[in-house]
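Residue numbering for the sequence shown follows the working numbering, beginning at 683 and increasing consecutively. Using N, Cα and C, we set each Cβ at its ideal position, and we do this for glycine too. In this text the structure is predicted, and so the values were computed from the model without any measurement. Worksheet for the structure shown next.
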Amino acid sequence: MAWLKRNHYLKVLIIVSLIIIAYIFITDEGELTFEQITIKEGDTLWTLADRYKGNLTKEDWIRMVAVENNLDGEHIIAGETLMIPVPKDAIYIAINEEDEIQSVKVASKR
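Printed below as a string of structure tokens:
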């Protein structure tokens, strides 16, 4: 270990490498990512769960949305925005509803 004491640059390189590796593990988001959507008239957390839940159960998806958006209950208001979890490997198609393009998950790579 005497060579490590003499080579200060090597110490710095090892420390920086460990910090980068730790950062990668800490910031890994897993299989989900979050997207922002605008709530439309008639939307409920249950209908949104049908559209965006992927492999999650509806209850788990709704729970994640409630936590991410600081919701007290299941009440949402048209025109407001929500951060919702969607699978990272989701494939989307565009749907034109009343001159507004909306993306909907239709499949995943699994």
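Report buried or exposed for residue i, applying the criterion of at least 16 other Cβ atoms within 10 angstroms of its Cβ.
{"i": "Ala760", "result": "exposed"}
{"i": "Leu700", "result": "exposed"}
{"i": "Ile697", "result": "exposed"}
{"i": "Ala731", "result": "buried"}
{"i": "Val694", "result": "exposed"}
{"i": "Lys687", "result": "exposed"}
{"i": "Lys740", "result": "exposed"}
{"i": "Arg792", "result": "Caution is warranted here: a pLDDT of 47 is assigned to Arg792, below 50, making its placement in the model unreliable, and the coordinate value is therefore given only provisionally. Exposed, since its Cβ has fewer than 16 Cβ neighbours within 10 Å."}
Considering only C-alpha positions, which residue in the set the options is nearest to residue i?
{"i": "Met765", "options": "Leu738, Thr739, Leu727", "result": "Leu727"}
{"i": "Glu723", "options": "Pro767, Lys740, Glu762", "result": "Glu762"}
{"i": "Ala748", "options": "Gly736, Asp771, Phe716, Lys770", "result": "Phe716"}
{"i": "Pro767", "options": "Ile703, Ile758, Asn752, Leu738", "result": "Leu738"}
To which residues of the same chain is residue i closer than 8 Å at the C-beta, ignoring the five residues directly before and after it?
{"i": "Ile744", "result": "Leu727, Trp728, Ala731, Glu756"}
So, at 7 Å on beta carbons, what are the nonlocal neighbours of residue i in its own chain, with the 5 sequence-adjacent residues on each side left out?
{"i": "Glu713", "result": "Pro769, Lys770"}
Given residue i, which residues of its chain have a CB within under 6 Å of its CB, disregarding the five upstream and five downstream residues?
{"i": "Thr720", "result": "Thr763"}
{"i": "Met746", "result": "Pro767"}
{"i": "Glu750", "result": "Met765"}
{"i": "Gln718", "result": "Thr763, Met765"}
Residue i and residue j look like a contact to me (Cβ under 8 Å); what is the Cβ gap, rounded to whole Å?
{"i": "Ile703", "j": "Asp725", "result": "41 Å between Cβ atoms; not a contact."}
Inside the region 705–779 only - beta strand (DSSP E) runs reaching at least 3 residues: The beta strand (DSSP E) runs of length 3 or more contained entirely in the region 705–779 are, from start to end of the chain, 714–720, 763–769, 772–779.
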